[in-house]
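Chains as they are written, first to last, in the numbering used here: chain A, 5 to 274; chain B, 5 to 274; chain C, 5 to 274; chain D, 5 to 274.
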């Protein structure tokens with residue numbers, strides 16, 4: 005019997021891209037709130053989600069340095085499991101309820117990419133960096149205090165897609181609101197059989213189930229964000245028309261479930 | 005309407021990991037034939053495939069430098085679409101017919117990884133290199149002629165998983181036999197809903213449909229291959245007990261279809 | 005006694021960045037000729053070189069896929085020694101003689117970077133790609149024939165610095181003229197002693213000595229090149245005002261010597 | 005006038021690999037103390053250093069996540085300037101004084117590599133990871149407290165060269181002693197002129213001058229370290245025969261000077 009949660013299933017179940025849930029995460033976040041052209045934000049919404057008229061064009065961009073572990077001490081193998089991430093959360097509505105929708109998402113690790121696909125996050129590979137904060141003071145240490153600046157960037161296959169900046173002003177109690185909303189994703193796995201390339205084998209609208217979400221050490225301040233135009237990409241269609249507050253915090257959570265909201269998959273395999 | 009063949013589906017359909025088929029490939033291959041412990045080879049077979057008693061433990065390892073294009077001149081964007089690959093093909097039987105089965109496969113590109121998942125190839129990320137042959141002669145050019153040596157390697161998250169060598173002896177008419185067999189894969193996409201982690205949303209035994217397969221400039225010679233033990237991996241369970249012939253050739257093909265052999269998916273979404 | 009040509013010198017001399025010359029190279033080249041603002045080109049010239057008034061602002065950009073070997077079969081270890089390169093050659097004069105000068109140069113390999121520094125090439129790390137030509141025909145194979153298009157790119161730390169295109173028109177006898185000129189470099193190694201940061205320990209104007217230079221399979225055609233603006237870089241100051249011919253060819257050479265033209269080093273260590 | 009501290013010197017002085025000192029650093033360190041065969045440790049010593057008979061074979065291995073800045077807010081461009089490092093410090097004597105000597109050193113960034121060469125550190129490129137500690141608690145967060153485990157690894161061109169582990173036991177006042185010794189390096193820049201490949205242009209024994217060195221949050225505990233054998237490398241010659249204590253701390257310092265101890269350079273350029 006082959007074992008594993010994803011491919012490759014294998015005799016011992018150690019070679020798979022992704023070990024079975026629960027999955028545990030802890031990381032540092034730079035989050036930048038902005039407003040884009042509402043039409044551009046709405047154009048990214050999947051079937052089942054509608055625009056949030058209360059917050060037209062409101063988006064949150066997140067740069068995250070993540071540490072991951074499942075049940076097998078994966079955090080002790082950082083070459084394989086530590087990763088960095090960039091994504092945007094667009095305000096949307098699901099059946100009258102405000103939710104967050106992630107149209108674009110990038111990570112620098114294959115296991116994170118495959119976990120994302122199982123969750124319905126549309127992860128591709130990218131190269132993500134954020135200024136870190138270190139305990140030993142020097143001009144390079146970026147302490148968590150008023151006035152400290154942070155930089156962050158996303159590049160994909162050698163093109164710069166996002167550049168962010170944050171200047172800390174003050175600690176606050178809660179992280180940006182988009183993080184506290186439910187996140188709705190689209191699980192999608194295509195068919196390759198001739199004639200059915202437009203008829204995915206999996207096409208589900210799903211809601212993330214997040215356990216033990218914590219955000220600690222939240223600071224807010226002035227943010228800035230650029231989403232430069234890049235060939236073969238569409239993130240820049242969400243370019244900011246106005247940038248709001250920025251945030252820096254640490255975050256942790258666990259994942260072991262997912263709620264199926266709608267199943268759009270056409271019945272029948274083949 | 006969002007467009008695209010895979011995630012992320014997007015307003016223009018340009019941002020997706022994988023453009024719709026047909027997919028066209030051309031590349032250079034170093035292939036090394038070997039025999040492993042038959043029990044180790046058989047232990048990798050999925051439901052529906054049985055051991056090939058005529059060739060117990062026979063495996064082909066392939067290192068490939070690939071160029072890819074779909075319909076949008078992707079070959080002109082090599083930073084995004086050129087890639088390298090390593091995989092092994094194990095001899096197996098499907099309903100009395102000899103087929104090839106790929107238990108482990110690695111690429112250095114996210115688009116190739118996602119295409120592979122749609123095809124049922126269990127692709128993870130790796131770092132793959134092979135000695136190239138250049139037209140301008142020098143001690144570094146590795147000309148295609150008797151006595152020229154080639155090296156090749158696979159590393160995954162910083163661990164060396166395979167090291168191959170080939171010394172060319174003579175041109176031959178046909179590529180290694182495993183390439184001419186049908187390849188049977190397992191399309192597999194997990195569920196994340198609690199209680200259904202072992203019950204994939206897609207679990208199909210499939211047969212690759214390959215158009216216009218060409219192998220040109222085939223040479224054979226003496227091969228060598230090491231599959232060193234590595235933490236968190238199982239490729240080394242297929243370590244050679246004997247190495248056979250090696251091959252170097254150029255290969256091209258196109259993909260726009262897939263044949264579903266068996267659908268093991270349990271009915272009902274969840 | 006420690007052994008080696010560069011750091012780290014070591015007991016066996018195997019761990020060094022660069023083995024002792026002779027160094028042998030073979031590779032594939034996409035070269036794009038262009039004219040930039042002459043003042044921008046001249047501003048890159050080091051002491052000892054003067055502008056070439058016959059070819060004001062004339063530059064050649066080269067994308068190269070290289071294979072390297074020294075005396076120890078380095079071409080069999082492509083993970084460590086195969087590399088890709090981008091550089092520009094500016095027309096200049098040395099004591100009345102037309103020469104080529106390389107103000108900016110990027111490679112994706114540390115051994116190539118350190119060899120470059122010993123030669124006086126100002127190599128930094130970058131990510132370089134070019135469309136390859138494969139023998140097995142498909143829509144992805146880019147055959148060497150009239151009408152075939154090639155793409156090429158350079159990115160540095162996630163910013164795109166160069167994008168080139170070439171459409172083949174016809175074979176010709178000789179490679180671009182800049183390659184046949186002598187190349188003049190500046191060997192430069194700084195001091196870190198306080199008060200002497202502007203007073204390098206090595207500051208020599210040198211002329212490359214290239215053995216057995218061959219260019220084969222030379223084709224010419226229409227080229228295109230963009231050098232987009234990037235933060236922390238100056239390559240874009242050489243942006244084309246006009247693009248000339250493009251070239252695709254294979255090249256090989258060997259290096260085991262260097263001619264010192266001028267020694268600007270201030271006497272005395274410190 | 006061209007500007008810059010290293011190549012490429014350029015019109016604006018922004019394109020160089022390394023900006024002029026002072027250089028400021030802050031980072032997190034996992035340090036593992038061990039003893040190797042004294043003959044192996046002594047075999048790495050350069051002219052001018054002698055074995056430390058009081059601590060025969062004593063070595064400290066360090067994995068560091070660094071943030072760097074010079075005078076131009078480099079810490080806000082982490083894609084270009086943040087980096088990771090591995091090195092070993094061997095106990096040695098210089099004229100009767102205990103010092104530390106770094107025979108092998110790896111970083112994942114070209115600017116850090118070139119700074120190292122100016123300082124006399126024998127830096128090559130590698131891929132370095134360490135378990136990080138995050139403020140938001142989860143199974144993945146690795147808090148700084150008794151019993152927390154950390155992993156660390158070094159890979160070079162796809163071969164694993166070092167794997168470390170640390171289990172925290174208790175906070176202590178001071179970092180490992182090797183860090184408090186003076187570090188003696190060898191600045192070395194080769195000649196390429198024929199006949200002088202063994203006669204470097206720069207060959208100096210130097211002592212690091214480190215300003216404002218701070219180590220904060222020092223914890224000690226049980227360490228473990230493997231230095232597996234790898235082709236083309238010599239680090240494994242220092243494989244531990246016994247592992248001592250491990251340490252985890254944050255460290256910062258600034259660099260703007262270097263003391264020349266001995267100049268072994270043969271006079272005369274050429």
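Ideal placement from N, C-alpha and C gives every residue a C-beta, glycine not left out.
Predicted model only: the values in this text are computed from it and were never measured.
*For residue 68(A), does the count of other Cβ atoms within 10 angstroms reach 16, so buried, or fall short, so exposed?*
Along the first chain, one-based indexing puts residue 68(A) at 64. Residue 68(A) comes out buried.
*What did DSSP end up calling residue 195(B) once you bin it into helix, strand or coil?*
Taking the second chain and counting its residues from 1, the one referred to as residue 195(B) is at position 191. In the structure shown, residue 195(B) sits in coil (DSSP, three-state: anything other than H, G, I, E or B).
_Rounded straight-line distance, which links the Cα of residue 83(A) to that of residue 207(C)_ = To locate residue 207(C), count along the third chain from 1; it is residue 203. To locate residue 83(A), count along the first chain from 1; it is residue 79. So the two alpha carbons sit approximately 40 Å from each other.
*Under a Cβ-count criterion, where at least 16 other Cβ atoms within 10 Å of its own Cβ denotes burial, should residue 255(D) be classed as buried or exposed?*
As a position in the fourth chain, residue 255(D) is number 251, starting the count at 1. When all chains shown are included, residue 255(D) counts as buried.
_With DSSP as the reference, identify every bridge partner of residue 62(A), one or two as the case may be._
Within the first chain, numbered from 1, the residue matching residue 62(A) stands at position 58. Partner(s): 39(A).
*Which value, in whole angstroms, describes the spacing of the CA atoms of residue 111(C) and residue 164(D)?*
Position 107 of the third chain holds residue 111(C). Position 160 of the fourth chain holds residue 164(D). About 23 Å.
*Report yes if the C-beta distance between residue 250(A) and residue 225(A) is below 8 Å; otherwise report no.*
Stepping through the first chain from its first residue, residue 250(A) is reached at position 246. Stepping through the first chain from its first residue, residue 225(A) is reached at position 221. Cβ atoms of residue 250(A) and residue 225(A): closer than 8 Å.
*Closer than 8 Å to chain A by CB, residue 264(B)*: Counting from 1 along the second chain, the entry for residue 264(B) is found at position 260. At least one chain A Cβ lies under 8 Å of residue 264(B).
_Against chain C, does residue 186(D) count as a neighbour if the rule is that its beta carbon must be under 8 Å from one of theirs?_
Numbered from 1 along the fourth chain, position 182 holds the residue referred to as residue 186(D). Closer than 8 Å: no.
*asked:* With a threshold of 8 Å between beta-carbons, can residue 80(C) be considered close to chain B, or not?
replied: Indexing the third chain from 1 puts residue 80(C) at position 76. Cβ-Cβ to chain B under 8 Å: yes for residue 80(C).
*Can you name the residues of chain B whose CB is closer than 7 Å to the CB of residue 281(A)?*
This structure gives no information on residue 281(A), because the portion of chain A shown stretches from 5 to 274.
*Burial state of residue 89(D), where buried means 16 or more other Cβ atoms lie within 10 Å*: Within the fourth chain, residue 89(D) is the residue found at index 85, counting from 1. Buried, since its Cβ has 16 or more Cβ neighbours within 10 Å.
*Can you list, in chain order, the stretches of the alpha helix (DSSP H) that have 4 or more residues and sit fully within the segment 161-185 of chain B?*
181-184
*Are the Cβ atoms of residue 209(D) and residue 190(D) separated by less than 8 Å?*
Residue numbering aside, residue 209(D) sits at position 205 when the fourth chain is read from its first letter. Residue numbering aside, residue 190(D) sits at position 186 when the fourth chain is read from its first letter. Yes. Within cutoff.
*Could you work out which residue in 94(C), 127(C), 158(C) is closest to residue 186(C) when comparing CA atoms only?*
Counting from 1 along the third chain, the entry for residue 186(C) is found at position 182. Looking at the Cα atoms, 94(C) is the closest of the given residues.
*Residues, ordered as in the chain, of the segment 150-164 of chain B that lie near chain C by beta-carbon distance below 8 Å*: 153, 154, 155, 156, 157, 159
*Is residue 254(B) close to chain D, meaning its C-beta is less than 8 Å from at least one C-beta of that chain?*
Here residue 254(B) refers to the residue found at position 250 of the second chain. Taking Cβ atoms only, chain D never reaches closer than 8 Å to residue 254(B), which makes this a no.
_On the criterion of 16 or more Cβ atoms from any shown chain inside 10 Å, does residue 204(A) qualify as buried, or is it exposed?_
As a working mapping, residue 204(A) is identified with position 200 in the first chain. That one is buried.
*asked:* Taking 8 Å as the threshold (beta carbon to beta carbon), is residue 203(C) in contact with chain D?
replied: What you label residue 203(C) is simply residue 199 of the third chain in a count that begins at 1. No - not a single Cβ of chain D is within 8 Å of the one on residue 203(C).
_I'd like to confirm the pairing. Which residues does DSSP put opposite residue 262(C) in its beta bridges?_
Taking the third chain and counting its residues from 1, one reaches residue 262(C) at position 258. Bridge partners of residue 262(C): 212(C).
*Pull up the distance between the alpha-carbon of residue 103(B) and that of residue 265(A), whole angstroms please.*
Numbered from 1 along the second chain, position 99 holds the residue referred to as residue 103(B). Numbered from 1 along the first chain, position 261 holds the residue referred to as residue 265(A). Straight-line Cα distance between these residues: approximately 40 Å.
*Contact list for residue 128(A) against chain B, beta-carbon separation under 9 Å*: Reading the first chain from its first residue, position 124 is the one you call residue 128(A). Residues of chain B passing the Cβ test: 11, 12, 19, 20, 21, 114, 115, 118.
*asked:* Do residue 64(C) and residue 33(C) count as a contact pair if the criterion is CB distance below 8 Å?
replied: The residue given as residue 33(C) occupies position 29 in the third chain. The residue given as residue 64(C) occupies position 60 in the third chain. No.
*Spatial neighbours of residue 45(C) in its chain, beta-carbon cut-off 7 Å, leaving aside the 5 residues before and after*: Within the third chain, the letter at position 41 stands for residue 45(C). 61, 63, 94, 242.
*Is there at least one Cβ from chain D nearer than 8 Å to residue 111(A)'s Cβ?*
Here residue 111(A) corresponds to residue number 107 of the first chain, with the count starting at 1. By this cut-off, residue 111(A) is not an interface position.
*asked:* Give me the DSSP bridge partner(s) of residue 156(C).
replied: Along the third chain, one-based indexing puts residue 156(C) at 152. 134(C), 168(C).
*Are residue 166(B) and residue 158(B) close, meaning C-beta to C-beta below 8 Å?*
Residue mapping note: residue 166(B) aligns to position 162 of the second chain, counting from 1. Residue mapping note: residue 158(B) aligns to position 154 of the second chain, counting from 1. Cβ distance < 8 Å, so residue 166(B) and residue 158(B) count as in contact.
*Please report how far the alpha carbon of residue 173(D) lies from the alpha carbon of residue 74(A), in whole angstroms.*
As a first step, residue 173(D) must be located in the fourth chain, where it is residue number 169. As a first step, residue 74(A) must be located in the first chain, where it is residue number 70. So the alpha carbons of these two residues sit roughly 24 Å apart.
*With 8 Å set as the bound, which would you pick, yes or no: does the beta-carbon of residue 3(B) sit closer than that to a beta-carbon of chain A?*
For residue 3(B) there is no data in the structure shown, the boundaries of chain B being 5 and 274.
*Within this structure, are the beta carbons of residue 260(D) and residue 215(D) separated by less than 8 Å?*
As a first step, residue 260(D) must be located in the fourth chain, where it is residue number 256. As a first step, residue 215(D) must be located in the fourth chain, where it is residue number 211. Yes, Cβ-Cβ distance for residue 260(D) and residue 215(D) is below 8 Å.
*Count the other CB atoms, across all protein chains shown, that sit within 10 Å of the CB of residue 257(A); report buried if there are 16 or more and exposed otherwise.*
Along the first chain, read from residue 1 onward, the residue named residue 257(A) stands at position 253. Residue 257(A) is buried by the Cβ-count criterion.
*How is residue 96(D) classed by DSSP in three states: helix, strand or coil?*
Locating residue 96(D) in the fourth chain gives position 92, counting from the first residue. Looking at residue 96(D) - three-state DSSP - the assignment turns out to be strand.
*Identify the contact partners of residue 261(C) in chain D, using a Cβ-Cβ distance below 9 Å as the criterion.*
Here residue 261(C) refers to the residue found at position 257 when the third chain is read from its first residue. Simply 196, 197, 198, 199.
*Grab me the residues of residue 160(B)'s own chain with a C-beta within less than 8 Å of its C-beta, minus the 5 sequence neighbours each way, in chain order.*
The residue given as residue 160(B) occupies position 156 in the second chain. Taken in chain order, the residues that qualify are 110, 128, 129, 130, 131, 234, 237.
*Would you call residue 134(D) buried or exposed, if buried means 16 or more other Cβ atoms sit within 10 Å of its Cβ?*
On the fourth chain, position 130 is the one that residue 134(D) refers to. It is buried - the Cβ of residue 134(D) has at least 16 other Cβ atoms within 10 Å.
*Three-state class that DSSP yields for residue 273(D) in the structure shown*: Working through the fourth chain from its first residue, we reach residue 273(D) at position 269. Low confidence applies to residue 273(D): its pLDDT is 44, below 50, so where it sits in the model is not reliable enough to give any reading.
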